[in-house]
Every structure is written in C-alpha cells, then in structure tokens.
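K.L.:
Each residue of the sequence shown is one higher than the last, beginning at 19 in my numbering. All C-beta atoms in this analysis are idealised placements derived from N, C-alpha and C, irrespective of residue type, glycine included. Computed from a predicted structure; not experimentally measured. Attaching a single structure in structure tokens format; questions to follow.
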Amino acid sequence: MVKIYQIISILLLITLSFIPKQIDTRINYAIIGFAILTFPLFFKNVKEDIKSGNIATIFFILFLIACSFSTIFSIDQRRSIIQLLLYLSYFVIFTGIRSIFPTLRSKEILATYYILLTTTLSIISLYNTLILKYVNRATEGVSFMWIYYGHNHLSSLLIFALPMSLYFLKKYWSKKLGPVLLLITYFLLLSLFLTFSRASLISLIISGVFSIFFFRFIPKQKIPFFFIIGSFILFMSFITIITIGAKQVGVTKPDVLSSARPIYLKTAIENGLSHKLFGTGLDTFRHLSYNTFSRVLKTDYAHNFFIQILSDTGIFGFLSSIGLIFSVLWQSFRKIGNWRASPGLYVALWAGLLASTLNTMVDFDWQLPTVFLFFWLFAGFINSKV
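This is the structure we're talking about:
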C-alpha cells in the first residue's frame, strides 16, 4: 500500500509542475484530492503529534482556526473557501507524508525524481528564454517554463533542488556518478541565475552559508575541495551571465515594479489593521488591488506571505502564521542538531525550507499551490522519525 501511495505522490508532483499556467484551479483540486487520499495516514499521525506536544502541529491548528473564522466573514467566500481547503490539505500532507516516505532511502528516491524534474523544467525554461525569446509573458500567466514580469518562478523550485544536488554530489563524488552530478549541479545553478530572480539567489546563499556553518554539512577536511569546486561553478556561472545578460534576451522589468512592492505591502498592512480580528478573507487581496490601485500594476498578491495573511485573516492569523513557519524551521533545526549523525539530505531539505521562507518575504511563490505543496512535503520529511 505504501508503494502505491509513493507512486501516486511522485506522479502528482511531476504532473502539477508541468502544468504551463501555475494559477490553474485544477492544481488546487488535485492537491485537495491527494489530501483526501492521504487522510487515513494523517489521522493516525496527528493524534500522535498532539499527544507529544508537536509545536508545529499545534501552530498549524491555530492557523487553520484563524483562517476558518476569516472565511466566515470573507468578502469573497468562494475564493476563501477554496484557499482554506488548500491550507487544510497542506496540513494533512505535512502530517501524513512521513508514513508514505518513512525511510531515508524512500526520501532519497523522491529527491532524485525532484532533481530530474527541475532539470527538465530548466531545459524547457532555457529553451523558451534563450532560443524562442519567451520573456515577460504576462498575458500567459505565471509558470515554471517562462519569464513572468522580469523573472521565472522556476527559481522557487530550484532553491530546493540545488541543496539536494549538493547532497548527492557529496555522497557519490568518489563514484562513477560524481561527474554527472557535478554537471547537473552546475546546470541547476546556471538555470537559477538565468531565471533572473535575485531574491531567490540571495535567499539560497544566505540559507546555504547558515546551514554549512551550523550543521557542518561539509567536513573540515573536504572544505578546500568543495571551495575549489564551488568557486569554479560560480566563476563559470558569472561568465555565462555576463555573456548572456538579462537585457540581451529581452528581460526587462517594467519601471512600475520598482515602486510597486512598497505600495502592495502598505495597502495590505493598512487593510489588516482596519480589519484586525478576521481580515477580509483568504485570497481577497486581489479585491484591494483592483479597487484601489490606479498608478501601479494591479496584482493578486501582496508579495509577502505574512503581510498578505495579515490582510486576509487579521492579527490572529498573522501571528499564528509566523508561529507556524518559525516552529517548523526551529523544530526541524533542533531535530537535525540532535541527531548524532544527521543525514545530509535533511540538512539540504532544511536549507531549502529556509531559502523558500526568505524568498517569500519579497515574492508570491507560496501563493502558487505547487510551490507551497513542495514546502510542506519537505517540511514533513524532516519532521518524521529517522
């Protein structure tokens, strides 16, 4: 039965990632359907978590309670109900996934598929960007396959894939797979550069430095070797970026965006403070945007997950969302630190979680259901027992 769950999980993740337009309601329903399928595993695990006082699970429940009250008083209940069902589904998947991939080996298999998935998407993305010149395809919608308003949101998947590829490179370097994994790692890094997403790149650098320092991901005797490899990869990437600049492929961000984000954040904060208890309802920032913005680009998102939650659900949802994400990161951090021989894959996953959290401070990637699904799936991996 576990094998069947694993196959379904992998097929779902691959299918969702290859849907061209990531704001597609079918993605929402697919995730909700998978959560329903996973519910028996969730029910068993959530009881254990509550008994043991799992802080992440407790904060998730508090967050869902705040979201539920917000939905009752929403100005657009249809959208809010769908978003609430998505958050409920993430909770079910986060809690139940450890029973689907219970061993380190099973997690490594899914991580391998994930690297192959992002590598394939990178090939498609680079072909669309460099060969077909598909840039700033605003009318086509956000995707992992082309640039949308100045950068490609494939970067939100690559910040998980790169730490994983480094883990496998470290593990299999002395074997025949070493050169192949080095090539894949370099290609993924190059692809991240060519998404032209500065926020994702900076987030991954911060997360990587933090993880290497605190978890000693690289043994002291291997630091010089990885320093040389890393320097070579960065040097070749920068040479490529200089050769293939953003403007050379037609990637320019509209001038309006330079001043738009502060306005989005200011509007979301003001709305949250005006509706302190329940906000205006999940996924309702778009109403503020289309009703109040006249001189800046209209958007569905505040470009900061926590500030949008403040606008949507009020102060209780805002505080519980911060508590939820912090507890997931902190609990995972402590678990990895307490394991005597912490598996490198868990360190790589944690680095991805931190990078994704930093990235969502300035973008709307967590509003893309596929991206947030990966976040909770990988978070569930670390919160499982080794």
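Please classify residue 394 as buried or exposed, where buried requires at least 16 neighbouring CB atoms within 10 angstroms.
P.N.:
Buried, by the Cβ-count rule.
K.L.:
Does the beta-carbon of residue 133 have 16 or more other beta-carbons within 10 angstroms, so that it is buried, or is it exposed?
P.N.:
Result: buried.
K.L.:
Taking 8 angstroms as the cut-off, decide whether the C-beta atoms of residue 176 and residue 209 are in contact.
P.N.:
Contact: yes.
K.L.:
Where residue 398 and residue 113 are concerned, what is the direct C-alpha to C-alpha distance, given to the nearest angstrom?
P.N.:
Their backbone Cα atoms lie some 6 angstroms apart in a straight line.
K.L.:
Does any CB atom of chain B fall closer than 8 angstroms to the CB of residue 89?
P.N.:
The chain labelled as chain B is not found in the depicted structure, where only one protein chain is given.
K.L.:
The alpha helix (DSSP H) spanning residue 197 covers which residue range?
P.N.:
Counting along the chain, the alpha helix (DSSP H) containing residue 197 begins and ends at 195 to 211.
K.L.:
What does a CB cutoff of less than 8 angstroms around residue 279 pick up in its chain, not counting 5 residues either side in sequence?
P.N.:
Excluding sequence neighbours, residue 279 sits near 321, 380.
K.L.:
Does DSSP put residue 171 in a helix, in a strand, or in coil?
P.N.:
Residue state, collapsed to three classes: coil.
K.L.:
Please state the DSSP three-state secondary structure of residue 152.
P.N.:
DSSP places residue 152 in coil when its eight states are reduced to three.
K.L.:
Assign residue 166 to one of three DSSP states: helix, strand, or coil.
P.N.:
In this structure, residue 166 counts as strand in the three-state DSSP scheme.
K.L.:
CB-CB under 6 angstroms to residue 78, same chain, minus the five flanking residues each way: which ones, in chain order?
P.N.:
Counting only Cβ-Cβ distances below 6 angstroms, and skipping sequence neighbours, we find 109, 342.
K.L.:
Measure the C-alpha to C-alpha separation of residue 356 and residue 130 and round it to an integer number of angstroms.
P.N.:
The alpha-carbon atoms of residue 356 and residue 130 are separated by roughly 26 angstroms.
K.L.:
Helix, strand or coil for residue 396, going by three-state DSSP, please let me know.
P.N.:
Helix.
K.L.:
Could you check where the alpha helix (DSSP H) with residue 107 kicks off and where it finishes?
P.N.:
95 to 118 is the span of the alpha helix (DSSP H), which, as asked, contains residue 107.
K.L.:
Please report how far the alpha carbon of residue 26 lies from the alpha carbon of residue 288, in whole angstroms.
P.N.:
When rounded, the distance between both Cα atoms is 43 angstroms.
K.L.:
Residues in the same chain with beta-carbon distance under 7 angstroms from residue 222, minus the five sequence neighbours each way, listed in chain order, please.
P.N.:
Counting only Cβ-Cβ distances below 7 angstroms, and skipping sequence neighbours, we find 177, 180, 373.
K.L.:
Does the beta-carbon of residue 160 have 16 or more other beta-carbons within 10 angstroms, so that it is buried, or is it exposed?
P.N.:
The residue is buried, with at least 16 neighbouring Cβ atoms inside 10 Å.
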